[in-house]
Amino acid sequence: ISISFLPSLIFLTFKQFLEGIGNTKNAMIITISANVLNIILNYILIYGKFGAPTLGITGAGLATLIAKTIMPIAFFTLIFFHKKYRKYFLFFTWKNMTFHTQKIILRLGMPISGQMFLEFASLLFITIMMGWVGKTTLAGYHIVITIVGTTFLMASGLGSATTVLISQEYGRKNIGEIRKHFKAGYQITLLIMSFFALIFIIFGKPIASIFSPDQEVVAIAAQFFIVAGFFQLIDGSQVLFLGALRGLNDVAKPMKYAFISYTLVAIPFAYICGFVFKLGSWSIFAGFSAGLLTAAILYYKRFNLKIKILTKEQTN
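Count the sequence shown with my numbering and you get residues 55 to 370, in order.
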């Protein structure tokens, strides 16, 4: 599986490239196809079907490697043979691999990595705190965070789409279209995340019962689902605002805001609510939501400031 890390990186490079020029459909098709292939190969190689050797757990790793290797090959084939994208291969030369270009990529990429690290690290600390409360609480939390992680992908996709659309208009210095894309992205995000919020609040207990027969775990998960319902709107907002800032090439400030929101707000707030005031395990999760809310407010204010600056520059 560790060997599959390299083709995964190549795949991500091609994927981000196509998304940058507005093509997200092919990445979805290739990813789904590779996952289906991975499942089929797992069955064949683990259990030795259709004349293949019975490899057990090793077969699962080999299946993953094959599927992940095919993904960048599929992308390469698409870009090279498709007339619409083949012209971009003119830029894939050693001549264009300059230190200046790499410096720009690092200047944009490292703060984004830092922001993501801070967010997921704080979520890891929340998980650790849930473990301090007890195994039952941790089990209930894992049910909810698994579902929340799935719905987050929807908001993340909308945030990425907003990044692409705003970045294109930013290149054209079209402030009016930037505002339109931001507003449209936010409206869609709120609509979808509101739907998920209602599902979590109303059907939290039935959803939890699918994952566990333990009624105590289900009861705890149901409490978490209520928090997760409000959490959806906040999380969707901060992802959308962050995507908009990335579209404006603004990545350094958001990383600093992430440090404030997750390190200085989310983790301390969760600990104080859960272990100092002893408000219950749900308050630990609410503490993380406080960090997300802080991030959303800071990102939104930053976006408005950037738009004001761009508008002033155009006026002058």
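C-beta atoms are modelled at their ideal positions from N, C-alpha and C, and glycine is treated no differently.
When the Cα atoms are used, what is the spatial distance from residue i to residue j?
i, j, result
"TRP336", "GLN277", "6 Å"
"ILE255", "ILE75", "38 Å"
"ALA312", "THR131", "38 Å"
"THR369", "SER214", "29 Å"
"GLY112", "ILE120", "According to the sequence provided, residue 112 is Thr. The question's Gly does not apply to it. Cα-Cα distance, rounded: 12 Å."
"SER315", "LEU287", "17 Å"
"ILE411", "THR317", "Here the chain covers residues 55 to 370 and nothing more, so residue 411 does not appear."
"ALA238", "LEU219", "11 Å"
"ASN303", "LYS332", "42 Å"
"ILE246", "PHE265", "24 Å"
"GLU73", "ILE326", "41 Å"
"PRO267", "HIS196", "15 Å"
"PHE134", "PHE71", "13 Å"
"LYS141", "VAL305", "29 Å"
"LEU116", "THR85", "17 Å"
"LEU346", "LYS137", "43 Å"
"MET184", "ILE93", "33 Å"
"ARG226", "THR365", "13 Å"
Check the C-beta distance from residue i over to residue j and give it rounded, since I have them as a contact under 8 Å.
i, j, result
"GLY290", "LEU244", "7 Å"
"LEU99", "LEU109", "5 Å"
"PHE292", "ALA350", "Note on identity: in this sequence residue 292 is Gln, with Phe being the wrong assignment. Yes, they are in contact, since the Cβ atoms of GLN292 and ALA350 sit about 4 Å apart, within 8 Å."
"ILE201", "ILE261", "7 Å"
Quick one: give me the first and last residue of the alpha helix (DSSP H) that residue i is part of.
i, result
"GLY297", "269 to 301"
"VAL330", "Element bounds for VAL330: n/a, residue is neither H nor E."
"THR112", "111 to 135"
"ASN96", "79 to 101"
"LYS310", "306 to 312"
"THR155", "153 to 187"
(request) Return the chain-ordered ranges of every alpha helix (DSSP H) run that is complete within the segment 200 to 224 and spans a minimum of 4 residues. (result) none
(message) Check whether the segment 149 to 160 and the segment 114 to 129 touch, using three or more Cβ-Cβ pairs below 8 Å as the test.
(response) no
(message) Does the contact criterion of 3 or more C-beta pairs under 8 Å hold for the segment 296 to 312 versus the segment 350 to 361?
(response) yes
(message) Quick test of the definition: if touching needs 3 or more C-beta pairs under 8 Å, does the segment 219 to 235 touch the segment 188 to 204?
(response) no
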